[in-house]
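One structure is given here, and the rest of the page talks about it.
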Amino acid sequence: MKGVQYQITWVYAEALAPCVTFYRDTLGLPVAHDAGSAMIFETAPGARIGVCEAFGDRVVQPEGSMITLVVEDRTAVDRAYTTLKAAKVALRGAPEEMARFGIYSFFCTDPNGYQIEVQCFL
């Protein structure tokens with residue numbers, strides 16, 4: 363597919379404000395676009411997470427989904443974990459190595475229950 367400028371992964375929220383606090387303030391992601399009832403956060407050049415208030419058939423549905431944020435190394439994973447723990451974000455455990463996939467990572471959830479993984483490749 364030619365001409366793609368960037369990619370957005372969308373998640374939905376009952377209330378946008380807690381998500382803005384999580385993605386912008388806690389994770390530190392810059393706002394790429396503010397549409398009032400939706401915000402788009404840049405995760406890396408060409409990659410974004412969009413959060414939109416639920417409407418119609420666009421509902422909060424976190425089951426089976428995961429957003430993975432790939433960082434540079436173990437130190438960056440550990441730093442992110444420490445920051446999120448201090449912010450009292452819901453964490454699923456400390457960072458650990460997953461030899462099967464050759465990664466080091468941990469998981470947390472956003473305010474709507476969407477699973478976020480912070481990882482590095484080993």
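In the working numbering, the protein residues as written are 363 to 484. We put the beta carbon where it would ideally sit given N, CA and C, even for glycine. The structure displayed is predicted, hence computed values, not measured ones.
With a Cβ-Cβ cutoff of 9 Å, do Ser467 and Val439 count as a contact?
As a position in the sequence shown, residue 467 is number 105, starting the count at 1. As a position in the sequence shown, residue 439 is number 77, starting the count at 1. Cβ atoms of Ser467 and Val439: closer than 9 Å.
Neighbour-count burial assignment, Met428, 16 or more Cβ in a 10 Å radius
To locate residue 428, count along the sequence shown from 1; it is residue 66. Classification of Met428: exposed, given that the 10 Å Cβ count is below 16.
Which residues share a DSSP beta bridge with Leu389?
As a working note, residue 389 is residue 27 in the sequence shown. DSSP, once it has assigned bridges, lists no residue as partnering Leu389.
Taking its Cβ as the centre, do 16 or more other Cβ atoms sit within 10 Å of Val413, making it buried, or is it exposed?
One-based indexing of the sequence shown puts residue 413 at position 51. With 16 or more Cβ atoms within 10 Å of its Cβ, Val413 is classed as buried.
Taking just the CA atoms, how far does Gln477 sit from Glu424?
Residue mapping note: residue 424 aligns to position 62 of the sequence shown, counting from 1. Residue mapping note: residue 477 aligns to position 115 of the sequence shown, counting from 1. The identity of residue 424 in the sequence shown is Pro, whereas the question assumes Glu. Cα-Cα distance, rounded: 7 Å.
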